[in-house]
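Input: a single structure, listed below in structure tokens.
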Amino acid sequence: MGAGALNHDAELPNPDRQRWLALAEKALAGGTFEEKLVSHTDDAIRIEPLYDRSVTAEPLARANPRSPWIVSQRIDDPDIGRAKAQALEDVAQGATGLSLVFEGAPNAFGYGLPRTAEALETVLDGVPLNRTQVRIDAHPWSRAVADWLVAFLSKRRSDPAKLNLSFGIDPAAIFAGTGRLRMSIEALQASMPQSLAHFFSMGVPGVLLEADGRVFHNAGATEAQELGTMMASAVSYLRMFEEARQPLVYAAPHIGFALSVDQDQFVSMAKVRALRRLWARVQEACSISASTANIHAETSFRMMTSADPETNILRSTIAGFAAAAGGADSISILPHTIAHGLPAGFARRVARNTQLIMANESHIDHVVDPACGSGAVEALTAELCEAAWEEFQRIEAEGGVLSSLQQGHIQKRVQAASARRNAAYQAGERAIIGTTHHPSKTERPVETLAAEPRPAFTEGVAVCEPLFPIRIDQSIGIAT
336 MGAGALNHDA ELPNPDRQRW LALAEKALAG GTFEEKLVSH TDDAIRIEPL
386 YDRSVTAEPL ARANPRSPWI VSQRIDDPDI GRAKAQALED VAQGATGLSL
436 VFEGAPNAFG YGLPRTAEAL ETVLDGVPLN RTQVRIDAHP WSRAVADWLV
486 AFLSKRRSDP AKLNLSFGID PAAIFAGTGR LRMSIEALQA SMPQSLAHFF
536 SMGVPGVLLE ADGRVFHNAG ATEAQELGTM MASAVSYLRM FEEARQPLVY
586 AAPHIGFALS VDQDQFVSMA KVRALRRLWA RVQEACSISA STANIHAETS
636 FRMMTSADPE TNILRSTIAG FAAAAGGADS ISILPHTIAH GLPAGFARRV
686 ARNTQLIMAN ESHIDHVVDP ACGSGAVEAL TAELCEAAWE EFQRIEAEGG
736 VLSSLQQGHI QKRVQAASAR RNAAYQAGER AIIGTTHHPS KTERPVETLA
786 AEPRPAFTEG VAVCEPLFPI RIDQSIGIAT
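Sequential numbering from 336 applies to the sequence shown in this note's numbering.
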């Protein structure tokens with residue numbers, strides 16, 4: 336090759352990329368690059384097939400990067416005796432966290448522990464609290480459940496400062512997921528700082544207030560809609576404490592996050608990472624030293640299918656890996672039979688062991704932010720941050736998250752996103768393995784526990800249009 340050829344290559348912006356593009360166009364044999372190799376997320380974020388490495392990226396670490404993430408198992412059985420046995424079995428077999436899901440919770444999917452202090456105490460009796468995270472899923476009576484938990488810890492003579500707790504108090508998730516609040520928005524905003532003050536004085540570690548995006552995801556929200564709504568919830572907490580003249584620097588570390596991850600591995604990884612950046616940006620805007628976001632990730636309910644439920648194991652494994660590689664602090668994998676009813680022991684064991692294999696055999700936690708520097712994931716993270724910030728600003732302009740929900744603005748955007756996604760599945764532009772693509776020709780029996788679905792929460796003073804969870808296979812009319 337002569338000097339002229341070398342000089343010609345040097346004039347191109349990226350000669351290797353130009354050569355690759357030319358070869359790709361040739362291989363497409365008539366199809367265009369845009370049609371065949373470029374895709375878009377639900378937020379219209381462009382995804383190219385090839386990215387340059389990002390050399391200036393900084394790693395985004397978990398809150399405790401020296402330890403594996405917390406393997407959290409859902410405890411949601413209405414039968415207290417069975418629930419207690421499940422909790423002890425999960426902890427004995429490697430789970431390091433328990434997510435207590437009470438009846439009426441938006442994330443209970445029709446089941447859940449009875450809403451009593453007895454249920455909480457029975458389930459936690461015998462659980463080694465000093466090495467097991469206990470988190471309460473967002474719940475209409477979460478304030479009462481928090482009191483029950485504190486009373487139980489006092490009986491056990493447990494030092495709260497040595498525990499890892501999450502009380503899951505999230506008015507926005509409850510309002511959206513049930514369509515009800517037990518008091519007016521104004522009364523809630525005025526009373527919350529005072530009602531939570533004694534928790535701060537006790538020095539209780541962990542999460543007191545949670546911004547839960549799962550309600551919005553499972554109703555059909557895009558990634559940016561989920562993240563933007565979570566930011567609006569978190570900022571509403573900061574605003575409450577600011578108005579009560581309580582230092583934000585003390586309040587911020589007690590605000591946590593819960594989000595959904597699905598089978599889109601790279602988008603889910605980017606979503607977890609974007610949440611860390613967004614929370615750091617909010618704290619910077621408030622002129623307080625940044626605390627690391629405490630993120631709980633749960634695999635998507637809307638991606639689960641009733642047909643060929645074993646394919647749900649594959650989807651959940653991808654989602655769980657994405658959560659771990661993206662840097663979630665705790666992860667809960669939904670059992671693969673959840674579309675058929677209350678999961679039995681085998682499905683719960685598969686969900687638990689999926690995480691244990693990733694942590695103890697694959698050692699995904701041994702690298703802090705393995706996606707750092709990946710051109711594709713870094714680009715997705717940055718663009719998700721921008722799209723989520725726009726959604727956050729939109730909600731703020733609508734008066735904040737509770738006001739926006741009461742007026743139906745958030746619901747309209749989520750429903751529109753869900754309709755667009757459903758149309759793509761119905762048109763064959765997107766597929767669900769085992770359901771719309773390669774459907775199983777035979778039905779196999781699915782083991783579930785005997786349990787009657789609980790009625791939806793109907794009490795409340797403030798009312799809005801609820802965002803109920805709905806699986807994609809249901810919404811496109813092919814659920815069995």
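By construction, the Cβ of each residue, glycine as well, lies at the ideal position given by its N, Cα and C atoms.
Residue environment: D599 is assigned as buried (16 or more neighbouring CB atoms within 10 Å of its CB, all protein chains considered). V712: not part of any beta strand (DSSP E); member of the alpha helix (DSSP H) spanning 710-732, first to last residue. As the crow flies, the alpha-carbon of E794 is around 51 Å from that of Y386. In this structure, the alpha-carbon of E725 lies about 7 Å from that of G563.
When the Cα atoms are used, A567 and E731 turn out to be separated by approximately 7 Å. Inter-segment contact for the region 518-525 and the region 604-615 is absent: fewer than three beta-carbon pairs are separated by less than 8 Å. Per DSSP, reduced to three states, the secondary structure at V406 is strand. Ranking M575, L448, L498, T652 by CA distance to the CA of S477 puts L448 first.
The alpha helix (DSSP H) runs of length 4 or more contained entirely in the region 664-713 are, from start to end of the chain, 680-695. Secondary structure note for G563: its alpha helix (DSSP H) is the uninterrupted segment 558-578. For the 7 Å CB-CB criterion, A679 and E782 form a contact. Between N553 and S595 the beta-carbon gap is near 7 Å, inside 8 Å, which marks them as a contact. In the structure shown, the three-state DSSP call for Q598 is coil. It is roughly 30 Å from the alpha-carbon of G769 to the alpha-carbon of K747. Assigned with DSSP and collapsed to three states, T783 falls in strand. If you check the CB distance, I807 and R637 come in under 7 Å. The beta carbon of A632 is closer than 7 Å to those of L594, V596, V607, A658, A663, I666 in its chain, skipping five residues each way along the sequence. If the five residues before and after N499 are omitted, its C-beta is found closer than 6 Å to the C-beta atoms of Q468, G541, all from its own chain and listed in chain order. Taken through DSSP and simplified to helix, strand or coil, Q468 comes out as strand.
Counting along the chain, V542 sits inside no alpha helix (DSSP H); it lies in the beta strand (DSSP E) bounded by residues 542-547.
Collapsing the DSSP output to three states places R515 in a strand. V798 carries a strand assignment under DSSP once its states are collapsed to helix, strand and coil. Distance from M565 to F592 at the Cβ level is roughly 6 Å; contact confirmed, criterion being Cβ atoms closer than 8 Å. When only Cα atoms are considered, S775 and R683 end up about 23 Å apart. With contacts defined by Cβ atoms closer than 7 Å, L435 and G461 do not form a contacting pair. In the assembly as shown, H701 is an exposed residue. Its beta-carbon has fewer than 16 other beta-carbons within 10 Å. Residue environment analysis places D377 among the buried positions, since at least 16 neighbouring C-beta atoms fall within 10 angstroms of its C-beta. Note: L433 is bridge-paired with Q408, V469 in the DSSP secondary-structure output.
For F656, the enclosing alpha helix (DSSP H) stretches over residues 646-661. Counting C-beta atoms within 10 angstroms of its own C-beta, V703 has fewer than 16 neighbours from the protein chains shown and is therefore classed as exposed. Runs of beta strand (DSSP E) with 3 or more residues, each lying fully within the region 357-422, are found at 405-410, listed in chain order. Between the region 425-432 and the region 396-407, the count of Cβ pairs shorter than 8 Å is three or higher; the stretches touch.
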